[in-house]
Amino acid sequence: MALLSIRNLSVEFATASGSFRAVDAIDVTVDPGDILAIVGESGSGKSVSMLALMGLLPWTATVTADEMRFDGKDLRAMTPRTRRRIIGKDIAMIFQEPMSSLNPCFTVGFQIKEGLKKHLGLDARARHARALELMEMVGIPDPVRRLSAYPHQMSGGMSQRVMIAMAIACRPRLLIADEPTTALDVTIQAQILDLLTALQAETGMALILITHDMGVVAETARRVSVQYAGQKVEEQPVGPLFATPHHPYTSALLAALPERATTRLLPTIPGVVPGQFDRPPGCLFAPRCAFADATCQNTPPPVQPPAKGLVRCHYPLGGPA
Amino acid sequence: MSVALRQGPLAEFWYYFRENRGAVIGLWVFAAFAFVALFAPLLAPYDPTQQFRQSVLLPPAWIAGGDWAFPLGTDPLGRDMLSRLIHGARYSFFVGIVVVVVAASGGILLGLIAGFSPRWLDSLIMRLMDVILAFPSLLLALVLVAILGPSLTNAMIAIALVLQPHYVRLTRASVLSERTRDYVVSARVAGARLPRLMFVTVLPNCLAPIIVQAALSFSTAILDAAALGFLGMGAQPPTPEWGTMLAEAREFILRAWWVVTFPGVAILVTVLAINLMGDGLRDALDPKLKRS
Amino acid sequence: MIRYLLARLLTFVPTFLGVTLISFAFIRVLPGDPIIVMAGERGLTEERYAELVTQFGFDKPLPVQFWTYLTGVLQGDLGVSYVTKRPVWDEFFALFPATLELSLCAIVFAIAIGLPAGVIAAVNRGKLFDRALMSTALVGYSMPIFWWALLLIIVFSGNLGWTPVSGRMGLLYFFEPVTGFMLIDSVLSGQSGAFGSAVRHLILPTIVLGTIPLAVIARQTRSAMLEVLSEDYIRTARAKGLSPLRVNGLHALRNAMIPVVTVIGLSVGTLLAGAILTETIFSWPGIGKWMVDSIFRRDYPVVQGGLLLIASMVMVVNLTVDILYGFINPKIRARK
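In structure tokens form, the structure reads like this:
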């Protein structure tokens with residue numbers, strides 16, 4: 001049975017100029033121990049769908065879904081209180097900006113131990129021992145001293161390690177990492193990714209990695225879901241996806257990888273993700289797509305069968321497969 | 001949003017200001033207050049000091065025993081409350097204008113000097129302002145009035161002096177943050193002299209917080225002048241200043257509620273309107289709070 | 001932290017000297033000769049006048065006079081009241097507990113209501129409670145408190161007869177002051193009903209004096225909370241599955257408190273200014289009423305000494321707030 005299964009999830013924001021659909025009919029399925037990467041440009045709704053799962057969206061957001069189950073339990077039917085017993089314990093999340101994601105008024109130790117008390121009910125001594133253990137797991141040197149440090153006394157990489165320690169404190173079964181390396185230096189990025197995959201292998205938890213970096217996907221993920229303008233446009237295991245992308249967008253993303261470049265100039269995708277006011281009537285990618293014709297401009301594309309990577313496209317690439 | 005940005009700064013300001021309903025109401029009430037203040041002699045039914053000895057302490061007209069000749073009743077000396085309140089608006093408006101003009105011009109000048117001067121002069125000015133700020137404003141105003149003698153003019157001088165350090169601090173802080181900006185450096189490089197640099201280059205860019213402060217100190221000035229009047233250190237009887245009217249009415253509070261209630265309501269409504277307006281001004285002028 | 005403390009203390013010294021200079025200058029810029037004013041209606045002989053001039057040091061050059069005054073002040077000599085002939089220092093300390101008791105009650109009242117109200121408003125941003133509360137707060141902020149006091153007296157003392165109109169204690173009770181705080185002394189006296197009387201006398205002045213600080217604290221708490229609630233670390237706290245009470249009341253409030261503490265500290269000046277009006281209206285025998293009475297009686301040494309003491313008090317409180325600010329803001333505390 002799937003650990004997480006989400007069907008037809010949509011999120012709308014009420015803004016001053018009308019409602020804005022940030023996530024549009026997304027399906028997500030994650031099995032225990034799986035590593036799913038969600039890829040897309042900024043504004044493709046990757047983070048919003050996961051924040052919706054966590055219940056962390058502001059009150060201006062309206063979340064609808066046909067199904068939202070974690071471990072067989074329906075998250076939609078739960079009271080907020082019951083849901084908070086799962087959030088932070090079985091499902092944990094780390095964010096893009098480690099420096100601002102830690103509360104500046106409390107010590108690192110306090111913030112790690114907080115979840116231990118709430119979800120596991122450990123006493124002070126057990127909490128301290130577990131916090132030290134966690135600090136060692138995420139590779140923070142001198143953990144005793146670091147536990148009583150304040151967030152502003154630590155670097156970005158250290159802060160992200162603390163965030164990870166906090167997230168895995170209660171041995172979650174699903175960890176969502178929302179662009180965990182974007183705000184960090186390049187050398188630190190690799191360390192944090194290695195740490196995440198190592199912890200995943202060690203604990204057997206499932207991992208959802210939100211990123212816009214195809215290179216990161218290739219190194220870490222097993223399955224890839226590509227999102228564009230709030231919709232899922234393709235989903236495949238990582239190998240086949242890199243070998244035969246079915247959606248022109250995926251293909252263009254892969255072509256933009258430096259190591260795949262065949263010309264001296266790196267290819268780019270012209271244009272930007274459509275916003276609130278310039279949503280095309282047909283395929284959302286049509287204005288930027290090299291293969292688009294009149295049908296693409298005017299008719300929303302169907303979702304193709306799994307053999308075609310579930311792509312939302314009138315003319316999937318990659319032959320009859 | 002883009003529509004507003006393409007228009008002039010004034011139109012843009014109005015666009016943001018209009019979004020705040022309270023601020024617009026405040027603006028209308030303030031306009032009405034200014035109108036009453038300007039045309040008080042035409043609007044008031046009687047002279048504010050005229051005593052009708054046969055109708056002393058009449059209640060408001062809608063209450064038994066009231067007389068529509070005196071819609072808001074009369075005070076212990078038989079003077080028409082409505083006329084006195086209308087004329088009182090003049091004093092409060094006058095106090096507000098004079099105090100803001102005096103305090104702001106002095107404060108802005110000192111603040112500009114502090115912001116542009118060498119360190120020792122800057123420190124001297126700022127420590128001096130610290131000293132003034134160490135005294136509770138009403139107490140210092142009271143003592144100053146005690147030295148100068150109780151009158152509305154002296155009360156205004158005292159209040160202006162007490163409010164002035166806020167302008168100095170604000171101006172200096174803005175000057176310090178603006179002074180290192182590129183446009184100032186380029187003006188300096190282009191050979192602008194210090195006075196031009198101070199008043200033409202930098203000052204217009206520091207005005208937003210100063211305008212907000214002006215609105216807020218307008219209301220503070222009205223409140224403080226009324227408080228001084230209430231303590232007998234502001235306008236002297238029979239001047240129909242609202243605070244002074246309250247002081248005169250104090251002994252009648254349990255017998256004639258209207259002589260106490262109306263002047264207070266007048267002060268409260270005026271101050272509230274100005275503060276509402278000030279909040280709206282701050283939101284409209286503060287780029288940090290603007291939604292992009 | 002220590003450097004921060006020292007730097008803060010260092011700015012205190014020139015300000016204190018300035019305050020002393022202003023209170024020194026006060027008696028010398030008064031219109032008329034202070035000695036003639038002191039003598040009052042009876043007048044003085046030439047010899048007695050010369051004697052007094054020497055006694056007060058008015059014949060010496062101004063810098064010398066200031067030095068004498070300053071050294072006197074530092075030794076606690078603030079001069080003698082013209083009216084009561086008692087040292088200003090003694091009078092101040094006899095009356096100060098009354099003001100302190102009232103001010104403490106007012107600030108506790110303001111914090112106890114303003115802080116939670118601001119938090120609840122911020123959490124329910126844009127909803128009815130928020131709008132109602134913020135409108136009320138703006139009315140409170142705009143309130144002429146001397147009129148507010150009269151209004152409360154009309155309703156609660158006049159119409160309902162619930163609270164006394166003035167003073168600190170009912171006439172039925174009498175006891176020697178021990179601490180100077182009526183709430184404590186009335187209990188110590190053991191007279192039944194004395195404590196209740198002290199409380200009843202405190203209610204209206206507390207509300208009047210606390211109104212503006214209450215409005216300021218509520219508004220400031222709300223805006224600080226709104227700013228903090230959009231921070232990333234609040235999302236982190238919610239991602240841990242913590243209850244809204246813990247997220248808002250601990251994670252958010254702890255950060256929002258930093259600006260709020262400053263505002264509470266700065267409201268001490270407002271409080272003392274408000275005490276002048278409140279004490280005058282309620283005949284509360286504290287230093288606010290003492291100052292006003294002394295100004296009217298032209299008791300200049302009292303005005304001079306009171307001015308200096310009140311300003312020093314405000315300065316000390318502001319200094320304390322700054323230090324406290326350093327303690328609650330770890331970014332400053334950690335600077336060694």
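Protein chains in written order, with the UniProt record's numbering: chain A, 1 to 321; chain B, 1 to 292; chain C, 1 to 336. Even glycine gets a Cβ: it sits at the ideal position worked out from N, Cα and C. Note that the structure is a prediction, hence the values are computed from the model and not measured.
Measuring CA to CA, which of the options is closest to residue i?
i, options, result
"P280 of chain A", "A:P267, A:T268, A:E235 and A:A294", "A:A294"
"A226 of chain B", "B:I108, B:S105, B:F93 and B:R193", "B:F93"
"A229 of chain A", "A:I87, A:F277 and A:C170", "A:F277"
"I63 of chain B", "B:G243, B:T270, B:P41 and B:W257", "B:W257"
"Y249 of chain A", "A:A124, A:A52, A:Y315 and A:E133", "A:Y315"
"A126 of chain A", "A:G139, A:I112 and A:V138", "A:I112"
"G33 of chain A", "A:E133, A:I86 and A:R173", "A:R173"
"H201 of chain C", "C:G167, C:V187 and C:V88", "C:G167"
May I ask which residues mark the beginning and end of the beta strand (DSSP E) holding residue i?
i, result
"Q236 of chain A", "Q231 to P237"
"E67 of chain A", "E67 to F70"
"R223 of chain A", "R223 to Y228"
"L151 of chain C", "Segment I145 to L152 is the alpha helix (DSSP H) holding L151 of chain C; no beta strand (DSSP E) there."
"I112 of chain A", "Taken as a continuous stretch (DSSP letters only), I112 of chain A belongs to no beta strand (DSSP E), being part of the alpha helix (DSSP H) at V108 to G115."
On the criterion of 16 or more Cβ atoms from any shown chain inside 10 Å, does residue i qualify as buried, or is it exposed?
i, result
"N318 of chain C", "buried"
"W120 of chain B", "exposed"
"G57 of chain C", "exposed"
"M135 of chain A", "buried"
"R48 of chain C", "exposed"
"N20 of chain B", "buried"
"T54 of chain C", "exposed"
"F181 of chain C", "buried"
"Q220 of chain C", "buried"
"L102 of chain C", "buried"
"S197 of chain C", "buried"
"A112 of chain C", "exposed"
"T320 of chain C", "exposed"
Hey, how far is the Cα of residue i from the Cα of residue j?
i, j, result
"T299 of chain A", "E227 of chain C", "44 Å"
"C105 of chain C", "T206 of chain C", "6 Å"
"S292 of chain B", "R130 of chain A", "Confidence is the limiting factor: at S292 of chain B the pLDDT is only 31, short of 50, which leaves the residue's position unreliable and the question unanswerable from this model."
"L138 of chain C", "L276 of chain B", "8 Å"
"L176 of chain B", "Y183 of chain B", "14 Å"
"I222 of chain B", "A214 of chain B", "12 Å"
"M1 of chain B", "I295 of chain C", "Low local confidence applies: a pLDDT of 41 at M1 of chain B is under 50, so the model's placement there is unreliable, and no value is given."
"F195 of chain C", "G170 of chain C", "10 Å"
"K290 of chain B", "G73 of chain B", "In this prediction, K290 of chain B has a pLDDT of 42, which is less than 50 and means its spatial position is unreliable; what the coordinates show is noted afterwards. Their backbone Cα atoms lie some 47 Å apart in a straight line."
"V108 of chain A", "E97 of chain A", "16 Å"
"T20 of chain C", "F66 of chain C", "9 Å"
"Y173 of chain C", "V165 of chain C", "17 Å"
"A255 of chain A", "P274 of chain A", "21 Å"
"A321 of chain A", "T244 of chain A", "Its pLDDT being 42, under 50, A321 of chain A is placed unreliably by the model, and the measurement read from it follows with that caveat. For A321 of chain A and T244 of chain A, the distance between alpha carbons rounds to 9 Å."
"L140 of chain B", "G193 of chain C", "39 Å"
"L27 of chain B", "V99 of chain B", "20 Å"
"V314 of chain C", "M143 of chain C", "23 Å"
"A4 of chain B", "A14 of chain A", "Caution is warranted here: a pLDDT of 44 is assigned to A4 of chain B, below 50, making its placement in the model unreliable, and no coordinate value can be reported."
"F110 of chain A", "S148 of chain A", "8 Å"
"S19 of chain A", "V185 of chain B", "45 Å"
"M137 of chain A", "D31 of chain A", "24 Å"
"L128 of chain C", "V216 of chain C", "20 Å"
Within this structure, are the beta carbons of residue i and residue j separated by less than 9 Å?
i, j, result
"G309 of chain A", "Q189 of chain A", "no"
"Q200 of chain A", "L175 of chain A", "yes"
"Y300 of chain C", "Y82 of chain C", "yes"
"V48 of chain A", "L36 of chain A", "no"
"L44 of chain C", "L52 of chain C", "yes"
"G280 of chain B", "V24 of chain B", "yes"
"A2 of chain A", "V23 of chain A", "no"
Assuming residue i is part of the alpha helix (DSSP H), what are its boundary residues?
i, result
"M93 of chain A", "Where M93 of chain A is concerned, there is no enclosing alpha helix (DSSP H), although the beta strand (DSSP E) it sits in stretches over I91 to I94."
Report whether the distance from the Cβ of residue i to the nearest heavy atom of the ligand GDP is below 8 Å.
i, result
"F296 of chain C", "The ligand GDP is not among the ligands present in this structure, which contains no ligands whatsoever."
**Prompt:** Listed from N- to C-terminal order along the chain, which residues in the region 101-118 of chain A have their beta-carbon within a distance smaller than 9 Å of any beta-carbon of chain F?
**Reply:** In the structure shown, chain F does not exist; the protein chains are A, B and C.
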